[in-house]
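**Student:** Residue numbers (our numbering), protein chains in the order written: chain A, 1 to 202; chain B, 1001 to 1303.
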Amino acid sequence: MSDTPVIGVLALQGDVREHLVALAVADAVARPVRRPEELAEVDGLVVPGGESTTISKLAVLFGVMEPLRARVRDGMPVYGTCAGMIMLADKILDPRSGQETVGGIDMIVRRNAFGRQNESFEAAVAVEGVGGEPVEGVFIRAPWVESVGAAVEVLAEHDGHIVAVRQGNALATSFHPELTGDHRVHRLFADMVRANRAAQSL
Amino acid sequence: MSSTLSENQAPETGTARVKRGMAEQLKGGVIMDVVTPEQAKIAEDAGAVAVMALERVPADIRKDGGVARMSDPDMIEGIISAVSIPVMAKSRIGHFVEAQVLQSLGVDYIDESEVLTPADEVNHSDKFAFTTPFVCGATNLGEALRRIAEGAAMIRSKGEAGTGNVVEAVRHLRQIKNEIARLRGYDNNELYAAAKDLRAPYELVKEVSELGRLPVVLFSAGGVATPADAALMRQLGAEGVFVGSGIFKSGDPAKRAAAIVKATTFYDDPKIIADASRNLGEAMVGINCDTLPETERYANRGW
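1. Compute the beta-carbon to beta-carbon distance between A:R141 and A:R116, rounded to the nearest angstrom, for a pair I have assumed lies under 8 Å.
2. Using beta carbons (cut-off 9 Å, strictly below), is A:I140 in contact with chain B?
3. Tell me whether A:E146, by its Cβ, gets closer than 8 Å to a heavy atom of the ligand COA.
4. Along the chain, where does the alpha helix (DSSP H) containing A:L58 start, and where does it finish?
5. Tell me which residue opens and which closes the alpha helix (DSSP H) that B:S1277 is part of.
6. Return the chain-ordered ranges of every alpha helix (DSSP H) run that is complete within the segment 1066–1105 of chain B and spans a minimum of 4 residues.
7. Residues in its own chain within less than 6 Å of B:K1206 by CB, not counting five upstream and five downstream?
8. Taking the alpha-carbon positions, what's the B:V1167 to A:P77 distance?
9. Tell me which residue opens and which closes the alpha helix (DSSP H) that A:M85 is part of.
10. For A:H161, which beta-bridge partners are listed by DSSP?
11. For B:T1036, which of helix, strand or coil comes out of DSSP?
12. Can you give me the Cβ contacts of A:L155 inside the same chain, cut-off strictly under 7 Å, excluding the 5 residues immediately before and after it?
13. Count the C-beta pairs between the segment 1095–1105 of chain B and the segment 1065–1075 of chain B that are closer than 8 Å, then say yes if the count reaches three, no if not.
14. Quick one: grab the DSSP three-state call for B:F1242.
15. DSSP state of B:A1221, grouped into three classes?
16. Does A:V21 have its Cβ less than 9 Å from a Cβ in chain B?
17. Which residues does DSSP list as the beta-bridge partners of B:K1255?
18. Check A:V9 in the structure and name its three-state DSSP category.
19. Checking the sheet assignment: what are the DSSP bridge partners for A:R166?
20. Tell me whether A:D182 is buried or exposed, calling it buried when 16 or more other Cβ atoms sit within 10 Å of its Cβ.
21. Hey, could you find the ends of the alpha helix (DSSP H) B:M1022 is sitting in?
22. Can you check whether the CB of B:E1210 is closer than 9 Å to the CB of B:K1158?
23. Here's the rule I'm using: 16 or more other beta-carbon atoms within 10 Å means buried, otherwise exposed. How should B:V1122 be labelled?
24. In the structure shown, what three-state DSSP assignment does A:P212 receive?
25. Given B:D1197, which residues of its chain have a CB within under 8 Å of its CB, disregarding the five upstream and five downstream residues?
26. To the nearest angstrom, report how far apart B:I1272 and B:A1228 are at their CA atoms.
27. Nearest to A:A206 by alpha carbon, out of A:E100, A:G63, A:V145?
28. For A:V16, go through chain B and note every residue whose CB falls closer than 8 Å to its CB, in chain order.
29. With a 10 Å radius around its C-beta and 16 neighbouring C-beta atoms as the bar for buried, classify B:V1285 as buried or exposed.
30. So for B:T1117, helix, strand or coil by DSSP?
See below:
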């Protein structure tokens, strides 16, 4: 087994290219994942920003939802940004009819909690586990985390709302580090994938 | 935009990153024209990434004639409250007051569109003056870069709206992609003359030459009517598609909408496109663009 982890980006819809670039900078082999057989070949997966209703529908329709749930249950590292955060939530506060999630993080998220596009904003966010300067948080029609279970670690808040969390091998942010040139959050995730691979090969 | 944010700085709205970043989230998706809240729900259920709220689809604007304007605010608000996906709406070219109204209604994106009757035959709206991001149409690279220079955060190739004929969409997207490819091969000395030829700012021309793509998201529009049309535009390099009259002027809108979404995601998988194309009922009838008089070509609007 080579040292470089293979990290997929769920490529059904959304800002896939930016995640692929960020993961490559974080020294991972990055590739798009649209099919169950592609999912089987990765060590970790990013669920990108996009429209959560669209991504959810396509995941069910093309048979990736169930295999993805199974892999997350088995401990495959996953990282979701914005819509990806919604996809990793065990519960959505106000789901559209039939909107399913992958789950994996014991939290309730509120979609578009920070408002519509006119309220989208940039702000500095101090993220636990990311050393140095605060991260440039780009929040676009962003969700926030309404509440978390006991096993969930809160990594960041903005304006009193939870905007970054981790539970075991699952990581989620309301904001989009992939839209900035700062790839420290992707490095944190790539390290989680490396650690998981090392633990598995013992 | 400064790259050093301190934690006690106030959050900043309407930045280039937030405006362009919004379009990045739409990539790989289908944006559908809708005229009622019911249609908006059908579009959302079919997997649309956004809807374009308008009073008449382009095919009807074409048929009815007259001056086409911004939609009624009540109708736009009705659509905003019906769905949770982003809602876009059209202003006339250069009609910055219609754009101000759309911003005040809380639409997520403004399309300064040639499908409506232009309000200014010289100037487009100053899009930097708005918090709401703009998408604009273009038939070639110079036009795309002029719109970006005015603040557009997303570009769509124009095509010929309301015809159900993909030929102009193909022409415009190929034109933009070819011109980008040509710039890619230029050295620094050639970029100044290229900027002059393109009638676009040198800085943007240089950026495109370095990136090998536009600095904003590029969708395709104007004439997409079938799943294969959508996949064709994706294979030609569009990052997503706008579908106007093609869906709600067809026999079974819900089914066709879902089929176009599937084909847009799996645009490089002919088997999936084939399955998506089965039994969709009547497509919109369509118009042959070569019999369309110059004066009825929307793509000629905009400068």
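Note that CB positions come from ideal geometry on N, CA and C, so glycine has one too.
**Tutor:** To lay it out plainly:
1. Separation of the CB atoms of A:R141 and A:R116 is rounded to 6 Å, and the pair is thereby assigned contact status at 8 Å.
2. yes
3. Summarising the ligand content, the structure contains no ligands, and the ligand COA is consequently not present.
4. 52–61
5. 1270–1277
6. If we require 4 residues or more, the alpha helix (DSSP H) runs fully inside the segment 1066–1105 of chain B come out as 1073–1082, 1096–1105.
7. For B:K1206, where only same-chain residues beyond five positions count, the Cβ hits under 6 Å are L1191.
8. 45 Å
9. 83–88
10. A:H158
11. coil
12. V127, E128, G129, A164, V165, R166
13. yes
14. strand
15. coil
16. no
17. None; B:K1255 has no bridge partner.
18. strand
19. A:E153, A:L171
20. buried
21. 1016–1024
22. Result no, Cβ atoms of B:K1158 and B:E1210 do not sit closer than 9 Å.
23. exposed
24. Nothing about residue 212 of chain A can be reported from this structure: the residues present for chain A run from 1 to 202 only.
25. G1142
26. 10 Å
27. Because chain A in this structure spans residues 1 to 202, residue 206 of chain A falls outside the shown range and cannot be described.
28. K1027, G1028
29. exposed
30. Note: B:T1117 maps to coil in three-state DSSP.
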